[in-house]
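**Q** Residue numbers (this note's numbering): 195 to 429.
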């Protein structure tokens, strides 16, 4: 059994529950699996510090979903030696878009006004899945409500005005896996292809009939891809 620890980094308003199937699958190969939960950290630097602490100064296989992938790139800026392997799942490395900044300000206002549930239902859920699935939507809502508006506001503040991180990725010597849904509206296929083409050491898997939440919507395929990435030696 390989001894590289695995760290899962969840996305916005997500907990380790979204990785249940992947964790169950990877436990047969790794005894040291940790979910680094982000709660009130309101900068990428603070989030990255939490991840760095979780590594115990030991190189890890880091799996970052959406926001979690952005945090992983922040870790790579200062502690690349702690990333033995990197999986970016429905994530991106581009700078913040000006149009999203304005929308984010409105979302923070809604959350402060006690409208997080409505915001999730009307704005986020319709963009999360390729196909409507009440079971998955219930899980996503449960994670969001368990973390609450303070967590949501902190996480939106953390990604505000973030810079482009492609050069950081290009400097990594880690074995990189990029996974995304072909129908992801939040982190579109074009961004995954840009990262892959810029990273000779990367593998790219695009999943059909899959939106932003691939670990839930295509759980088996994501689990198998992560297992192969974890077990295979680098290029």
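For every residue, glycine included, the Cβ atom is placed at its ideal position computed from N, Cα and C.
The structure displayed is predicted, hence computed values, not measured ones.
Near residue 256, which residues of its chain fall below 6 Å by C-beta distance, leaving aside the five closest residues on each side in sequence?
**A** Only 201, 266, 277, 280 meet the Cβ criterion.
**Q** Going by the DSSP bridge assignment, what does residue 202 pair with across the sheet?
**A** According to DSSP, residue 202 bridges with 229, 257.
**Q** Please state whether DSSP places residue 289 in a helix, a strand or coil.
**A** Residue state, collapsed to three classes: coil.
**Q** Work out the CA separation of residue 251 and residue 268 for me, nearest whole Å.
**A** So the two alpha carbons sit approximately 16 Å from each other.
**Q** Can you tell me which residues form a DSSP beta bridge with residue 281?
**A** In DSSP, residue 281 forms a bridge with 257, 371.
**Q** Using a 10 Å radius around the Cβ and a threshold of 16 neighbouring Cβ atoms, would you call residue 303 buried or exposed?
**A** It counts as exposed.
**Q** Taking contact to mean 3 or more Cβ pairs, one atom from each stretch, closer than 8 Å, check whether the stretch 365 to 373 and the stretch 334 to 344 are in contact.
**A** At 8 Å Cβ cutoff, the stretches do not touch.
**Q** Which of the three DSSP states, helix, strand or coil, is assigned to residue 397?
**A** Strand, per DSSP.
**Q** According to DSSP, simplified to helix, strand and coil, what is residue 273?
**A** In this structure, residue 273 counts as coil in the three-state DSSP scheme.
**Q** Assuming residue 386 and residue 363 make a contact with CB atoms under 8 Å, what is their CB distance in whole Å?
**A** No, residue 386 and residue 363 are not in contact; Cβ-Cβ is about 12 Å, not under 8 Å.
**Q** Taking 7 Å as the limit between beta carbons, can you name the residues of its chain near residue 305, skipping five residues before and five after?
**A** Counting only Cβ-Cβ distances below 7 Å, and skipping sequence neighbours, we find 313, 343, 346, 347.
**Q** Can you give the beta carbon distance from residue 258 to residue 211, rounded, assuming they're within the 8 Å contact cut?
**A** Between residue 211 and residue 258 the Cβ distance is about 16 Å, and since that is not below 8 Å, they are no contact.
**Q** If you measure between the beta carbons of residue 321 and residue 406, is that distance less than 8 Å?
**A** Cβ distance < 8 Å, so residue 321 and residue 406 count as in contact.
**Q** With distances taken from CA atoms, which of 324, 292, 331 is nearest residue 311?
**A** Ranking the options by Cα distance to residue 311, first place goes to 331.
**Q** Buried or exposed for residue 328, going by 16 or more other Cβ atoms inside 10 Å?
**A** So residue 328 counts as exposed.
**Q** State the Cα-Cα distance for the pair residue 317 and residue 284, rounded to the nearest angstrom.
**A** Residue 317 and residue 284: Cα-Cα distance of roughly 18 Å.
**Q** With a CB to CB cut of under 7 Å and the five nearest residues on each side skipped, what residues in its chain are close to residue 273?
**A** Here the set comprises 246.
**Q** Taking the beta carbon of residue 426 as the centre, do at least 16 other beta carbons fall within 10 Å, making it buried, or is it exposed?
**A** The residue is exposed, with fewer than 16 neighbouring Cβ atoms inside 10 Å.
**Q** If we ignore side chains and look at the alpha-carbon of each, how far apart do residue 358 and residue 239 end up?
**A** In a straight line, the C-alpha of residue 358 is about 15 Å away from that of residue 239.
**Q** Going by DSSP, what residue range makes up the alpha helix (DSSP H) through residue 424?
**A** Run containing residue 424: 413 to 425, per the alpha helix (DSSP H) assignment.
**Q** How is residue 240 classed by DSSP in three states: helix, strand or coil?
**A** Three-state DSSP puts residue 240 in a helix.
**Q** Please classify residue 369 as buried or exposed, where buried requires at least 16 other C-beta atoms within 10 Å of its C-beta.
**A** Residue 369 should be labelled buried.
**Q** Within its chain, find whatever has a CB closer than 8 Å to the CB of residue 216; leave out the 5 residues flanking it on each side and keep chain order.
**A** Excluding residues within five positions, the ones whose Cβ falls inside 8 Å are 202, 257, 409, 413, 416, 417, 420.
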